[in-house]
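Chains as they are written, first to last, in my numbering: chain A, 4 to 303; chain B, 4 to 303.
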DNA sequence: TTAATGTCTTTTATCGTGAAAAAACATTTT
DNA sequence: AAAATGTTTTTTCACGATAAAAGACATTAA
């Protein structure tokens, strides 16, 4: 079992959804581009679709024979990357308590527990280390630094520096820049969300990420843009596990976003700065209140 | 050849240097702490030293019998980590021209060329990716983003943000903080270097790194501290390969450092800001002039 | 003669394996 | 009994091997 075929399975599932829309599928290279996979994978997909009677396939002709049935799909969990599986397991352990700062992380144990090879775990930990939550001891174990108040403060400090700068850069962008239409579109989505906030409040986190990424991109600085990955990761898990007053919090945040968007559109740097600061302050507050500070810092 | 014993060889060499100073070696745990290795490695070292007649070893008694001879040492190149070897090879390729932005990086080819396994190369590339010079295409190759003018500008932009903030934090540190003695010591080293600048100018780069790391540490922010790794890496290779007016450049920089140190000691935020800005500006200039901008950016 | 399909080759992702190094446990010495 | 040494176990590091996926080349259809 040296490599799972999750790329194929995931692409297959997405391809099934395309079947509803058309009577026949496009050329192999086109399908590949559409699904983001190579022709090799496309051909495996087509081969299986032919086998299961979904399509008739003869060279260029790929005619849809029937609508896909629920059990034509591969199970969702088989479409995940190993990296996703490892990340989830790791974060579950990390957030499920008992993960004290200073605790050591054992690659072999993690690998056995998750049921994967050590190499994948090692690679995951190396990638994960840039989030600042773990640290490597040369030739030895990893050390958990813990999801502490200090971490949240350090994270938000950088976030605020970067976002204030990005927001200023955004507001200074020429009127004909395509970002303004992106912003309009996001504003619309925000207004729609406000309207149905009672039922759709949980859609906020995804919108939040897209909004902030748009702003950060205006910095034209890869380090700023990349840093948003750290924020996104933390907020992603934070949203999943801190459900207290979720609706209220999100409603407030959407309001702040709208004010922020107004400020950006005014292109008045003072207003932008104020709106940005206000939103980031409440975002920080939300994050901080969700961290149970049950330990004293070990250094004075 | 599944794992080289470079840890042992490097520690052995360092242990040989200890032999000059004492007539007998300390306990195994103490030696381990001193050399930064485990007792297992210490015991291998002692075993070999006994074998080669350097010491007489009987339980606690580890008497030095003779001074180490040059060829008691393992060759320097056998003491490097695989990661160091790979980094050097990779950077050589990257700086040796012909490394156009957009070029793709092949793990297998790199591994074959350097003569190591693919896993080590993969892990190196993952670690290296945080420097912002390469990027991974999912399920496919890495792409070289190139050591371009844009890269240098993005890097220095962040550096300046971080260092201005750290310097301000530094100046605000209480008088009894140990950093002030560290600063005094560094100031001394700078003064000594100024005196002998004609011959010792090449020692600047190491001093430079220690100085800036001291300042960044005052931020008490892991993201700021960690970012200095990116700067240090770039400047490390930059110093190695841009030798034009090295003496003059370093002389100027030492002077700027001294002014910067004075400003910090004055604890006058205005002066600190000015001195920091001035030095960072010239550091940026130095970096920029060393980048041959022979390509037009591909996007308008 | 361009763009697709068919076929073959190369590279990436992942595992199991084994030596180096660390860590844990047991025993002795002071 | 505290701290060293001696011994055993566990973990990390690095490799080669193999299936999945990508990519390159050859062939055929429009």
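Every residue gets a Cβ at the ideal spot worked out from N, C-alpha and C, and that includes glycine.
As the structure is a prediction and not an experimental result, all values here were calculated from the model.
Limits of the unbroken beta strand (DSSP E) element including residue 66 of chain A: In the first chain, the residue the question calls residue 66 of chain A occupies position 63. Residues 64-67.
Is the shortest distance between the beta-carbon of residue 291 of chain B and the beta-carbons of chain A less than 9 angstroms? As a first step, residue 291 of chain B must be located in the second chain, where it is residue number 288. Judged by the 9 angstroms Cβ criterion, residue 291 of chain B is not in contact with chain A.
List the whole-angstrom C-beta distance separating residue 57 of chain B from residue 71 of chain B, where the pair is believed to meet the contact cut-off of C-beta under 8 angstroms. Along the second chain, read from residue 1 onward, the residue named residue 57 of chain B stands at position 54. Along the second chain, read from residue 1 onward, the residue named residue 71 of chain B stands at position 68. With 8 angstroms as the limit, residue 57 of chain B and residue 71 of chain B qualify as a contact, their Cβ atoms being about 6 angstroms apart.
How big is the Cα-Cα spacing for residue 118 of chain A and residue 10 of chain A? Translated into the one-based positions of the first chain, residue 118 of chain A becomes position 115. Translated into the one-based positions of the first chain, residue 10 of chain A becomes position 7. Straight-line Cα distance between these residues: approximately 19 angstroms.
Go to residue 146 of chain A, then tell me how far its alpha helix (DSSP H) extends in each direction, as first and last residue. The residue you call residue 146 of chain A lines up with position 143 of the first chain. Unbroken run through residue 146 of chain A is the beta strand (DSSP E), 145-147; no alpha helix (DSSP H).
So residue 161 of chain B packs on residue 127 of chain B, CB below 8 angstroms; how close in whole Å? Your numbering for residue 161 of chain B matches position 158 in the second chain. Your numbering for residue 127 of chain B matches position 124 in the second chain. Not confirmed; about 23 angstroms, so no contact.
Integer Cβ distance of residue 75 of chain B from residue 19 of chain B, believed to fall under 8 angstroms: Position 72 of the second chain, counted from the first residue, corresponds to residue 75 of chain B. Position 16 of the second chain, counted from the first residue, corresponds to residue 19 of chain B. Confirmed, about 6 angstroms.
Can at least three beta-carbon pairs, one atom from the segment 276-293 of chain A and one from the segment 157-171 of chain A, be found at a separation below 8 angstroms? yes
May I have the straight-line CA-CA distance separating residue 223 of chain A from residue 165 of chain A, to the nearest angstrom? Working through the first chain from its first residue, we reach residue 223 of chain A at position 220. Working through the first chain from its first residue, we reach residue 165 of chain A at position 162. Spanning the two alpha carbons is a distance of roughly 11 angstroms.
Can you tell me whether residue 6 of chain A is helix, strand or coil according to DSSP? Taking the first chain and counting its residues from 1, one reaches residue 6 of chain A at position 3. Coil at residue 6 of chain A, not helix or strand.
Residues bridged to residue 60 of chain B [DSSP beta-bridge criterion]: For this step, residue 60 of chain B is matched to residue 57 along the second chain. Answer is B/65, bridged to residue 60 of chain B.
Please identify, using Cβ separations under 9 angstroms, the residues of the segment 151-167 of chain A that lie next to chain B, in order along the chain. 153, 154, 156, 157, 158, 160, 161, 164, 165
Per DSSP, which residues does residue 138 of chain A bridge with? Please list them. Position 135 of the first chain, counting from 1, holds the residue named residue 138 of chain A. In the DSSP output, where bridge partners are listed per residue, residue 138 of chain A has A/146.
Does DSSP put residue 107 of chain A in a helix, a strand or coil? Along the first chain, read from residue 1 onward, the residue named residue 107 of chain A stands at position 104. Strand at residue 107 of chain A.
Minimum Cβ-Cβ distance from residue 25 of chain B to chain A less than 9 angstroms: Counted from its first residue, the second chain places residue 25 of chain B at position 22. Closer than 9 angstroms: no.
How should residue 273 of chain A be labelled, buried or exposed, when 16 other C-beta atoms within 10 angstroms of its C-beta is the threshold for buried? Taking the first residue of the first chain as position 1, residue 273 of chain A is located at position 270. The residue is exposed, with fewer than 16 neighbouring Cβ atoms inside 10 Å.
Would you kindly work out how many angstroms separate the C-alpha atoms of residue 184 of chain A and residue 173 of chain A, rounded to a whole number? Translated into the one-based positions of the first chain, residue 184 of chain A becomes position 181. Translated into the one-based positions of the first chain, residue 173 of chain A becomes position 170. Cα to Cα, residue 184 of chain A sits roughly 13 angstroms from residue 173 of chain A.
Secondary structure at residue 27 of chain B, three-state DSSP: helix, strand or coil? One-based indexing of the second chain puts residue 27 of chain B at position 24. Looking at residue 27 of chain B - three-state DSSP - the assignment turns out to be strand.
Below 9 angstroms on C-beta distance, what does residue 190 of chain B contact in chain A? Here residue 190 of chain B corresponds to residue number 187 of the second chain, with the count starting at 1. Within chain A, no residue comes near residue 190 of chain B; the closest Cβ sits about 27 angstroms away, beyond 9 angstroms.
Local Cβ density within 10 Å of residue 211 of chain B, reported as buried at 16 or more and exposed below that: Residue 211 of chain B sits at position 208 when you count from the first residue of the second chain. It counts as buried.
Interface flag, residue 82 of chain A vs chain B, CB-CB below 9 angstroms: Indexing the first chain from 1 puts residue 82 of chain A at position 79. So no, residue 82 of chain A is outside the interface.
One question on the structure: do residue 121 of chain B and residue 103 of chain B come within less than 9 angstroms of each other, judged by their Cβ atoms? If you number the second chain from 1, residue 121 of chain B lands on position 118. If you number the second chain from 1, residue 103 of chain B lands on position 100. The answer is no: Cβ separation not under 9 angstroms.
Take residue 263 of chain A and list the residues in its own chain whose beta-carbon comes closer than 7 angstroms to its own, dropping the five residues that flank it on each side. Here residue 263 of chain A is taken as the residue at index 260 of the first chain, counted from 1. These residues qualify, in order along the chain: 278, 279, 282.
Using CA atoms only, rank isn't needed, just tell me which of B/50, B/16, B/34, B/207 is closest to residue 73 of chain B. Reading the second chain from its first residue, position 70 is the one you call residue 73 of chain B. Residue B/16 is the option with its Cα nearest to residue 73 of chain B.
For residue 267 of chain B and residue 218 of chain A, what's the separation of their Cα atoms in angstroms? Here the question's residue 267 of chain B lines up with position 264 in the second chain. Here the question's residue 218 of chain A lines up with position 215 in the first chain. Each residue's alpha carbon lies about 35 angstroms from the other.
Please go through the same chain and pick out, in chain order, the residues whose beta-carbon is closer than 8 angstroms to the beta-carbon of residue 321 of chain A, but skip the five residues on each side of it. No statement about residue 321 of chain A is possible, as the shown extent of chain A runs from 4 to 303 and does not include it.
Using the C-alpha atoms, what's the distance from residue 227 of chain B back to residue 216 of chain A? Counted from its first residue, the first chain places residue 216 of chain A at position 213. Counted from its first residue, the second chain places residue 227 of chain B at position 224. Roughly 21 angstroms between the two C-alpha positions.
Length of the line joining the Cα atoms of residue 169 of chain A and residue 140 of chain B: Start at 1 with the first residue of the first chain, and residue 169 of chain A comes out as number 166. Start at 1 with the first residue of the second chain, and residue 140 of chain B comes out as number 137. When rounded, the distance between both Cα atoms is 26 angstroms.
From the beta carbon of residue 215 of chain B, is the nearest beta carbon of chain A less than 9 angstroms away? Start at 1 with the first residue of the second chain, and residue 215 of chain B comes out as number 212. Chain A, which has no Cβ nearer than 9 angstroms to the Cβ of residue 215 of chain B, makes this no.
Under 9 angstroms, do residue 82 of chain B and residue 13 of chain B count as touching if we go by C-beta distance? Working through the second chain from its first residue, we reach residue 82 of chain B at position 79. Working through the second chain from its first residue, we reach residue 13 of chain B at position 10. Closer than 9 angstroms, so yes.
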